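> Residue numbers (this note's numbering), protein chains in the order written: chain A, 1 to 51; chain B, 1 to 187.
1. Pick helix, strand or coil for residue 7 of chain A, following the three-state DSSP scheme.
2. In terms of residue numbering, what span does the alpha helix (DSSP H) encompassing residue 146 of chain B cover?
3. Tell me whether residue 120 of chain B is buried or exposed, calling it buried when 16 or more other Cβ atoms sit within 10 Å of its Cβ.
4. Give the residues of chain A in contact with residue 135 of chain B, contact being defined as C-beta atoms less than 9 Å apart.
5. Terminal residues of the continuous alpha helix (DSSP H) containing residue 108 of chain B?
6. Is DSSP giving residue 13 of chain B helix, strand or coil here?
7. Starting from residue 46 of chain B, trace the alpha helix (DSSP H) in both directions and tell me its first and last residue.
8. Helix, strand or coil, according to DSSP, for residue 69 of chain B in the structure here?
9. Nearest chain A C-beta to residue 159 of chain B closer than 8 Å, yes or no?
10. When you compare the CB of residue 185 of chain B with every CB in chain A, is at least one pair closer than 8 Å?
11. If the cut-off is 9 Å on Cβ atoms, which residues from the region 33-44 of chain B count as contacting chain A, listed in chain order?
12. Using a Cβ cut-off of 8 Å (strictly closer), state whether residue 143 of chain B contacts chain A.
13. Where does residue 75 of chain B sit, in a helix, a strand or coil, going by DSSP?
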């Protein structure tokens, strides 16, 4: 999962490089949401273990 | 002289966000430490925060940078820093109770996740200050030069290098283990 997220971040970088508009910003928001979701997964996995 | 402050600020912000990422690589490969899942999430957030100044530099390459471009870049850095700060604070809280020695070796007396908290807070402060003066900074203009090209190249290389490093650590598993002790791809 994590390598794919880095590739998504690279796709965002490439999108920002290509030009302004809505798409690069949506890419950015999507990447950030994916990172936040992965963080949520780690937190809930820890809660299930009783941390 | 014109445009020097805005240009300097944007380049400094990008360099300040890339330096800890280079340091993290040095800790991983120079000192043989394995980044945990939360460390990787902080790296992702820091790379996303670095996309803010990168956006401004890409726009400067095409022509004059507007106040909207500056505000968009600062907004990206703020949003990514909030996520990164949440992850870093979570990791600090996991290791805050004595006698927990913390995860990994400290650098200059602080663990990497504590440095991460400081960097994300600083990044929020600088982006907020930048947002206050977008009109003045945009009026100065941001210049794209050789240093900009170098920093953007470094950012792209760091994203790809992180993808490869984490693939080696995670192998073909879906998630990283909580306390990684080896590169799963080679086992």
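All C-beta atoms in this analysis are idealised placements derived from N, C-alpha and C, irrespective of residue type, glycine included.
Treat the numbers as computed from the prediction; the structure is a model and nothing was measured.
This is what the structure holds:
1. Three-state result, residue 7 of chain A: helix.
2. Looking at the DSSP string, the run of the alpha helix (DSSP H) that includes residue 146 of chain B is 146-170.
3. In summary, residue 120 of chain B is buried, with 16 or more beta-carbon neighbours lying within 10 Å of its beta-carbon over all protein chains present.
4. Taking a Cβ-Cβ cut-off of 9 Å, residue 135 of chain B has no neighbours in chain A, whose nearest Cβ is about 19 Å from it.
5. Here residue 108 of chain B belongs to no alpha helix (DSSP H), and DSSP marks it neither H nor E.
6. Note: residue 13 of chain B maps to helix in three-state DSSP.
7. Under the DSSP assignment, residue 46 of chain B falls in the alpha helix (DSSP H) whose first and last residues are 37-62.
8. In this structure, DSSP gives residue 69 of chain B a helical state, which the three-state scheme calls helix.
9. Yes, residue 159 of chain B counts as interfacial toward chain A.
10. No, residue 185 of chain B lies away from the interface with chain A (no Cβ there is under 8 Å from its Cβ).
11. Listed in sequence order: 37, 38, 40, 41, 43 and 44.
12. Cβ-Cβ to chain A under 8 Å: no for residue 143 of chain B.
13. Correct three-state label for residue 75 of chain B: helix.
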